[in-house]
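Quick note on the UniProt record's numbering: the sequence shown kicks off at 1 and runs consecutively. Cβ coordinates follow ideal geometry from the N, Cα and C atoms, glycine included. Report on one structure; see the data block that follows.
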Amino acid sequence: MVDREYEEPQPAPSGAGDEEAYAPGSAPDHQPVAPGSAIDIPVRPVIPEPEPEELPPLRAALEAVLMVVDEPVSEVTLAQVVERPTAEVAATLRELAAEYTAQGRGFELRQVGGGWRFYTRPECAPVVERFVKDGQTARLTQAALETLAVVAYRQPVTRARVSAIRGVNVDGVMRTLVARGLIEECGTEPETGALLYRTTGYFLERLGLRSLDELPDLAPFLPEVEALEAETGDTSR
1 MVDREYEEPQ PAPSGAGDEE AYAPGSAPDH QPVAPGSAID IPVRPVIPEP EPEELPPLRA
61 ALEAVLMVVD EPVSEVTLAQ VVERPTAEVA ATLRELAAEY TAQGRGFELR QVGGGWRFYT
121 RPECAPVVER FVKDGQTARL TQAALETLAV VAYRQPVTRA RVSAIRGVNV DGVMRTLVAR
181 GLIEECGTEP ETGALLYRTT GYFLERLGLR SLDELPDLAP FLPEVEALEA ETGDTSR
């Protein structure tokens, strides 16, 4: 027997055998990518997020809200409106009140009945009374007359109910009627705490009436608030 020298098998050259492993036409679909070659990658569209609503500075926001209210507003309610912590709102309200007093403004910010509201300074009362007295000689607008009629026939009534009957906001008109001495506050509604309004003795004097019983029978032509709320689905007052 002839001994043969053992020969270790040599690895095949790179690439040699790759083609032999697959039959013609059966090579894999992917091909090697040369360095520096561009690869197409699908890009998912970026949807921009909506920008948050920008609120005014806290002091300005509080002043704007308090300028239009007819009854004190609580710190909790103000905090919800301006979207800030209640403690921060309370501190800012006290700062504003102190500033108005120190500056000698014609109005002051008071905390009354658990809420905040602007009031005329006592020393300015004579000027305001003179203005109101002079304004009583001016003619009322049609909107003021209609609002006054609703109060007269539905009293005591809240401002929200008057708005529901008239179908418009009556805040400014109600303030005018109060300033003219034709209507006045007469307590609050037990369910909601909203201010109630009624006509005054001056109202009867201006109309030449001795009592409300002498008013023409107009009430049946005014819609009931409950019917309006049923139509709109709004039960807030």
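Item, Value
"Whole-Å CB distance - L93 paired with E71, under 8 Å assumed", "Actually they are not in contact, since the Cβ atoms of L93 and E71 sit about 16 Å apart, beyond 8 Å."
"Contacting residues, own chain, Cβ-Cβ under 7 Å from V69 (five flanking each side not counted)", "R117"
"Continuous beta strand (DSSP E) stretch holding T141: start and end", "No beta strand (DSSP E) contains T141, which DSSP labels as neither H nor E."
"Beta-carbon proximity list for E231, same chain, < 7 Å, skipping 5 on both sides", "A caution first: E231 carries a pLDDT of 47, below 50, which makes its placement in the model unreliable, though a value can still be read off. Cβ within range, chain order: n/a, list empty."
"Local conformation of G187 per DSSP, three classes", "strand"
"R159 to G113 span [Cα, whole Å]", "19 Å"
"Nearest-angstrom Cα separation, counted from T176 out to Y197", "13 Å"
"Straight-line gap, V157 to T199 (C-alpha atoms, nearest Å)", "10 Å"
"Start-to-end residues for the beta strand (DSSP E) that takes in L204", "Here L204 belongs to no beta strand (DSSP E); instead the alpha helix (DSSP H) covers G201 to L207."
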